[in-house]
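Right, one structure below, let's go through it.
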Amino acid sequence: GGAIIRVGIVAVALAVAVGVYRALEPPVESSPILSVEEGKRLYELNCLPCHGAAGRGGVANPNARGGRIPPLHTAGSTYTDAELREKVLAGVPDPEPADPRKPSPPHPMPSWEGRFTEPELQALVGYLKSLASKTTEAW
Numbered sequence: 001g002g003a004i005i006r007v008g009i010v011a012v013a014l015a016v017a018v019g020v021y022r023a024l025e026p027p028v029e030s031s032p033i034l035s036v037e038e039g040k041r042l043y044e045l046n047c048l049p050c051h052g053a054a055g056r057g058g059v060a061n062p063n064a065r066g067g068r069i070p071p072l073h074t075a076g077s078t079y080t081d082a083e084l085r086e087k088v089l090a091g092v093p094d095p096e097p098a099d100p101r102k103p104s105p106p107h108p109m110p111s112w113e114g115r116f117t118e119p120e121l122q123a124l125v126g127y128l129k130s131l132a133s134k135t136t137e138a139w
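Counting in my numbering, the sequence shown tops out at residue 139, every number present.
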């Protein structure tokens, strides 16, 4: 009888110890999921000056293909989420000139590495994807 009681006491003590240990562990942080609306807000603060409202077109960029910073309203249907994410993070430091004999386009896209949290980056990509779906809905 006494051995069973000792085993029971040890089991209870162990369960209490595990419970106390878990209570002292820092909580696991989960990344909040941000909305497409938050992606739109981030776009308007960071991307709109060059790529235009709703991704419809950018500012003049002499000697860039098309002569302007490219629109983004179709990027969501052209690129995967991963490709859009990488494009935002890497930027376009050296846009290809339309005429290689002339100076490079004066407005490269900067890298946004380290400027967005992962949830913000996901929200921005979600917003870019939503622009593409709105474009196809209009047809």
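Heads up, the beta-carbon is just placed ideally off N, CA and C, and yes, glycines get one too. Small disclaimer: the values here were computed from a predicted structure and weren't measured.
Please state if the CB of L121 and the CB of V92 are separated by a distance shorter than 8 Å. Along the sequence shown, one-based indexing puts residue 92 at 92. Along the sequence shown, one-based indexing puts residue 121 at 121. It is not a contact, given that the beta carbons lie outside the stated cut-off.
Quick check on the DSSP output: what are the complete alpha helix (DSSP H) runs of length 4 or more inside the segment 23-69, in order along the chain? 36-46, 48-51
Nearest-angstrom Cα distance between E113 and I9? By one-based count along the sequence shown, residue 113 stands at place 113. By one-based count along the sequence shown, residue 9 stands at place 9. Computed Cα separation, rounded: 55 Å.
Within a Cβ cutoff of 7 Å, which residues of the same chain sit near L131, ignoring the five residues on either side of it in sequence? Within the sequence shown, numbered from 1, the residue matching residue 131 stands at position 131. Contacts found: A54, G55, L72, H73, G76.
Give me the DSSP bridge partner(s) of P97. The residue you call residue 97 lines up with position 97 of the sequence shown. DSSP lists A64 as partners of P97.
Rounded distance between the beta-carbons of N61 and H107, thought under 8 Å: As a working mapping, residue 107 is identified with position 107 in the sequence shown. As a working mapping, residue 61 is identified with position 61 in the sequence shown. 5 Å between Cβ atoms; contact.
Name the two residues that bound the continuous alpha helix (DSSP H) containing G76. Taking the first residue of the sequence shown as 1, we reach residue 76 at position 76. It spans 75-78 - the alpha helix (DSSP H) in which G76 sits, taken as one unbroken run.
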